[in-house]
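Chemist: The following block contains the structure, expressed as structure tokens.
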Amino acid sequence: MFNLSDMGTFMWAFFITLPLTLLIHTGGHAFFAYLFGSKTSLIIGRGGKLFQLKNIEIRKLYFIDSACQYDQLRSERRWKHALIYAGGPLFNILSILIVNGLIQASILPAHMFFYQFVYFSVYLVFFALLPVEYGEEKPSDGKAIYDVLKFGKVYKEFD
Numbered sequence: 505m506f507n508l509s510d511m512g513t514f515m516w517a518f519f520i521t522l523p524l525t526l527l528i529h530t531g532g533h534a535f536f537a538y539l540f541g542s543k544t545s546l547i548i549g550r551g552g553k554l555f556q557l558k559n560i561e562i563r564k565l566y567f568i569d570s571a572c573q574y575d576q577l578r579s580e581r582r583w584k585h586a587l588i589y590a591g592g593p594l595f596n597i598l599s600i601l602i603v604n605g606l607i608q609a610s611i612l613p614a615h616m617f618f619y620q621f622v623y624f625s626v627y628l629v630f631f632a633l634l635p636v637e638y639g640e641e642k643p644s645d646g647k648a649i650y651d652v653l654k655f656g657k658v659y660k661e662f663d
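Residue numbers (the working numbering): 505 to 663.
Take a look at the structure:
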């Protein structure tokens, strides 16, 4: 049961662990866009800008959302855009495997932080791959993959 003594764990999860999983997810998109010759920018959060480190913008409500923007690729191919859209879930899955492997190898302790990290990562992968629209021109990663492979529709900014 959740009670007042759990607030510290909740705050840690909400303000540290969740944004970390969002950064990894968005970083996965940016990695593949960069790999294919694009300039990228990452936006972590919503609201006004808190600060910026090169191409990573951190906003005041940094724990709510994240987005990746990219421009032209060296050569436009549907499969490249599909891999960029899949990059977020792929990086989350990779991070889950790494954390679990490090715990199994007794390099990391079986701590609540890592449990929450894996939980949020699984949550992100699941909902990112559902092929749905979250608003006009705001597809999930799964919907963006479907749209680019079936129709050739490219999204240059996505959550």
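Don't be surprised by glycine CBs; every beta carbon is placed ideally from N, CA and C. This structure is a prediction, so every number in the text was calculated from the model and none was measured.
Looking only at its own chain, which residues have a Cβ that is under 6 Å from the Cβ of LYS564, when we skip the five neighbours before and after it?
Modeler: Walking along the sequence shown from the start, residue 564 turns up at place 60. The residues are GLY551, GLY552, LEU554.
Chemist: What span of residues does the alpha helix (DSSP H) with ILE520 cover, start to end?
Modeler: Locating residue 520 in the sequence shown gives position 16, counting from the first residue. Looking at the DSSP string, ILE520 is not in any alpha helix (DSSP H), and its letter there is neither H nor E.
Chemist: Mind checking who PHE555 pairs with in its DSSP beta bridge?
Modeler: Position 51 of the sequence shown holds residue 555. Beta-bridge pairing links PHE555 to ILE562.
Chemist: If you draw a straight line from the alpha carbon of LEU557 to that of ALA609, how long is it in whole angstroms?
Modeler: Within the sequence shown, residue 557 is the residue found at index 53, counting from 1. Within the sequence shown, residue 609 is the residue found at index 105, counting from 1. Approximately 34 Å, taken between the alpha carbons.
Chemist: What do you reckon, are the CB atoms on ILE528 and SER625 nearer than 9 Å?
Modeler: Taking the sequence shown and counting its residues from 1, one reaches residue 528 at position 24. Taking the sequence shown and counting its residues from 1, one reaches residue 625 at position 121. Yes, the pair counts as a contact, with Cβ atoms nearer than the cut-off.
Chemist: Count Cβ pairs between the segment 594-608 and the segment 653-663 that sit closer than 8 Å; are there 3 or more?
Modeler: The segment 594-608 is not in contact with the segment 653-663.
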